[in-house]
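Everything on this sheet refers to the single structure shown next.
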Amino acid sequence: MASIITPRKSTLPAHFFPLLALTLLAIGLSIYRLVVGLGPTTNMSDHYPWGIWITIDLFIIPMAGAAFTISLISFFFGYDDYRAVLRPAVVAGFVGYSIVGVLLFLDIGRWNQFYNIFNPGILNLHSFLEEISLCVTLYMVILILEVLPIFLENTRYEHSIKWIEAGIYVIAGTGILLSTLHQSSLGSLFLLLSHKLHPLWYTPALPLLFFLQAGYTGLGATAIAITLVSRSKNLPIDRKLMRRIGQAMGINLLLYISIRIGDWMGAGEIPLLLKPDAFGWIAWLELSIGILIPLAILFTKLVRHSQGPFWAGVFALLGTFINRLMITWVGLAEPSPTTYMPSWIEIMITVGFIAGGYLVYDRIVYYFKLIPEKRTAK
Amino acid sequence: MTISRRDFLKIAGVTAGCAVIPTLAVHAGSSNQPGEQVSMLYDATICVGCNACTNACRQWNNTTPETDNRELYDAPSELSAKTWTMIQLYQEGEVHSFVKRQCMHCIDPACVSGCPVSALQKSAEGPVTYDPNRCIGCRYCMYTCPFHIPRFQWDKVIPVVAKCTFCHDRIIAGKGPACAERCPTGALIWGKRDDLLARAEARIGADEKRYINKVYGKNDAGGTSVLYLSGVPFEKLGLEDVGSEPIPNLSEGTAKIVLPGIVLGGPFVLGLIRLVSNRGGWEESWPV
């Protein structure tokens, strides 16, 4: 007998519970790590004091740079089209920085006194690590201000956030400055490590390179986010907008690769690039995947294809990942009898919190209006 | 924890000035000239590898011996959170030399420059000191150190960074570092940096065949408070060529230019961009 009662269709997607399980596992493992310490839970050692968490942090932060790049282009360069993707970018930034915050808290050994970084009596203003800590914290406040209207519009609290809209140029501008500071400062962290980092990746221009990389990686992440959000909401992809994001990305990529190659030539490091060792090969892999393929898409007719900027973004992100992997891990390794591979706990905590971040983003996309259905003509 | 308005203003002021102040700040504890600071001179050609220094360090600093698998001998293979100084052996054919390892106590230390919470400090007397009550355990110092010295208590729930303190507590009390006072051969001596440098150079001058013609630490990494003499090339002893420029120069120089530049110049640049940007599209000029 056919049932006459159709069960109410669940609004939760099929991947919800597996991802939730991963998140809960990560939370459990995090508590375990805090209770027993870093030694029993991670494979970090005196020879490898930083592990996969730092690599992931330094990859997520440029991805989350989407928020400031889009703000800069839409509010200050005046390309109003881009405002349509401001919200997905800002929410992605907020989620990304939250993941980084959690991973950093788990990473520091003396987490019981993490608040020392805010203690004006002892904080060290020579330290780029301190500068990053302060700027990222302040930037989180800016992101919250930028995210609030999404949740509070069309509620009875709407009037209480009117001032955010009124001051949006100041808020967005402050966010851009804080991002410029900490995205470049992530590169500056390695200025103290000139004697350790592999010469193909070390350069005094790292602050500028990290900043430009945050620009194109953030734009790539935006192109990916728009494609995925549009697909899940069955909205048509705005090709003109996607092409424009691709163009901004292309300009950033060109600047980045010119400085990188110029620096190699200036420092006489081209022979290292042609040396058939692992580092030379990886540098070529990074360049081909992260720079040349995206440029080949963005500066040919492929940029007009609805999937063009999406794939340019995917490859650029892969390239940035290789770059950050080399800078925080492989290219930093000291000659030592041991090697580092992350423990399963390190990996599951990383995977779990990224899954959690994705779930939060997915639900926000589902319940709130991130992409205007129809762009308002200026 | 409650934050009073005064505290809030303090924090706000400090964060707002986070880029400006580095240009004004001076190095903590630079009151003593480097030449006046307390230093050690280790002569690898005299050392017999007796490890009395390692033992003296353990006794004074209460560190746990790292025994071999028979639990008979204190036999650390490298520096660790438990072993702050030790003697290592370099051997190649007929040639051999001992070398003592410990913190070099740089005159301008990279770890101090990088430490976000000033847990590491260059004291006025010379030793680079560590305050666990400030440390957040970020381990940046372990990377910034050009000599791979700071170690971490990986097995502890709330670990500390561990390294040689130059027995700062003894120095303040007018005594010398435990290791140098115990050394029976005179391979390790302590005193004012200028005096030790003069003695080191005199030794090289008196017996040029015995020594490599260089005092390691005189200028390396901008100069260190531990000086080395050796009969074999310093790289063989793990004392690498780290250049003669203080490691923090580039980083601190960049901070002085870039941070105020962005904080003060940024708003003008943004305003300018806003003023001059045309609102049109740019795709007309795109090549494809």
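Residue numbers (numbering that gives the first Met the number 0), protein chains in the order written: chain A, 0 to 377; chain B, 0 to 287.
Cβ atoms here follow ideal geometry from the backbone N, Cα and C, with glycine treated the same way.
These numbers were taken from a predicted model, which means no experiment stands behind them.
- When rounded, the separation of the alpha-carbon atoms in Arg192 of chain B and Ala123 of chain B is 13 Å.
- In this structure, Gly249 of chain A sits near Pro293 of chain A, with a CB-CB distance shorter than 9 Å.
- Here His14 of chain A is exposed: its Cβ has fewer than 16 other Cβ atoms, across all protein chains shown, within 10 Å.
- Pairwise C-beta distances place the stretch 138 to 158 of chain A out of contact with the stretch 103 to 121 of chain A, as fewer than three of them are shorter than 8 Å.
- Of all residues in the stretch 185 to 207 of chain A, those with a C-beta nearer than 8 Å to a C-beta of chain B are Ser187, Leu188, Leu190, Leu191, Leu192, Ser193, His194, Lys195, Pro203, Pro206, reading in chain order.
- Exclusion of the five residues before and after Leu196 of chain A leaves Phe189, Ile326, Gly330, Leu331 as the residues of its chain whose Cβ lies within less than 8 Å of its Cβ.
- For Lys239 of chain A, the uninterrupted alpha helix (DSSP H) segment begins and ends at 238 to 265.
- Between Thr223 of chain B and Gly216 of chain B, the C-beta gap is smaller than 9 Å, which places the two residues in contact.
- Annotated three-state conformation of Gly216 of chain B is coil, per DSSP.
- When Cβ-Cβ separations below 9 Å define contact, Gly261 of chain A makes no contact with chain B.
- At least one CB of chain B lies nearer than 9 Å to the CB of Tyr168 of chain A.
- Note on the stretch 151 to 230 of chain A: whole alpha helix (DSSP H) runs with a minimum of 4 residues are 161 to 165, 167 to 187, in chain order.
- For Thr63 of chain B, there is no enclosing alpha helix (DSSP H), as DSSP gives it neither H nor E.
- Within chain A, no C-beta atom comes nearer than 7 Å to that of Ile106 of chain B; the closest sits roughly 15 Å away.
- Interface flag for Phe233 of chain B against chain A is unset, since no Cβ pair is found closer than 9 Å.
- Interface with chain B (9 Å Cβ-Cβ cutoff): Pro308 of chain A is excluded.
- Residue state for Cys166 of chain B is assigned as coil, using DSSP reduced to three classes.
- Within the same chain, Cβ atoms closer than 8 Å to the Cβ of Val313 of chain A are found at Gly219, Ile223, the five residues on either side in sequence being excluded.
- Nearest C-alpha to Leu195 of chain B among B:Ile170, B:Asp240, B:Leu226, B:Arg209: B:Leu226.
- Chain-order list of chain B residues neighbouring Ile121 of chain A: Val116, Ser117, Arg133, by C-beta distance under 7 Å.
- A direct Cα-to-Cα measurement between Ser96 of chain B and Gly221 of chain B gives close to 26 Å.
- Within the stretch 243 to 279 of chain B, no run of beta strand (DSSP E) reaches 3 residues while sitting entirely inside it.
- For Met141 of chain B, the residues of chain A that pass the 8 Å Cβ criterion are Asp45, Pro48, in the order they occur in the chain.
- When CB distances to chain B are screened at a threshold of 9 Å, the residues of the stretch 99 to 118 of chain A falling below it are Leu103, Asp106, Ile107, Gly108, Arg109, Trp110, Asn111, Gln112, Phe113, Tyr114, Asn115, Ile116, Phe117, Asn118, in chain order.
- CA-CA distance, Tyr72 of chain B to Thr66 of chain B, rounds to 5 Å.
- Residues of the stretch 223 to 253 of chain B with a C-beta less than 7 Å from any C-beta of chain A: Val241, Ile246, Pro247, Leu249, Ser250, Glu251, Thr253, listed in chain order.
- The way I'd put it, the stretch 169 to 180 of chain B does touch the stretch 43 to 55 of chain B; three or more beta-carbon pairs between them come closer than 8 Å.
- Residues of the stretch 68 to 90 of chain A with a Cβ closer than 9 Å to any Cβ of chain B, in chain order: Leu71, Phe74, Phe75, Phe76, Gly77, Tyr78, Asp79, Asp80.
- Spatial neighbours of Pro75 of chain B in its own chain (CB-CB distance under 6 Å, excluding positions within 5 residues in sequence) are listed in chain order as Glu65, Thr82, Met85.
- Between the C-alpha atoms of Val169 of chain A and Leu177 of chain A there is a straight-line separation of about 12 Å.
- Across the set A:Lys239, A:Leu324, A:Ile244, A:Ser229, the C-alpha of A:Ser229 shows the shortest separation from the C-alpha of Asp361 of chain A.
- The stretch 41 to 90 of chain B contains, as complete alpha helix (DSSP H) runs of 4+ residues, the segments 51 to 60 (chain order).
- Cβ neighbours of Cys163 of chain B within its own chain (closer than 6 Å, five residues either side excluded): Trp83, Thr84, Gln101, Cys102.
- Burial state of Met264 of chain A is exposed, judged by a 10 Å Cβ sphere holding fewer than 16 other Cβ atoms.
- Met141, Tyr142, Thr143, Pro145, His147, Arg150, Phe151, Trp153, Asp154, Lys155, Val156, Ile157, Pro158: these are the residues of the stretch 141 to 168 of chain B whose beta carbon lies less than 7 Å from some beta carbon of chain A, given in chain order.
- In the three-state scheme derived from DSSP, where H, G and I count as helix and E and B as strand, Val359 of chain A is classed as helix.
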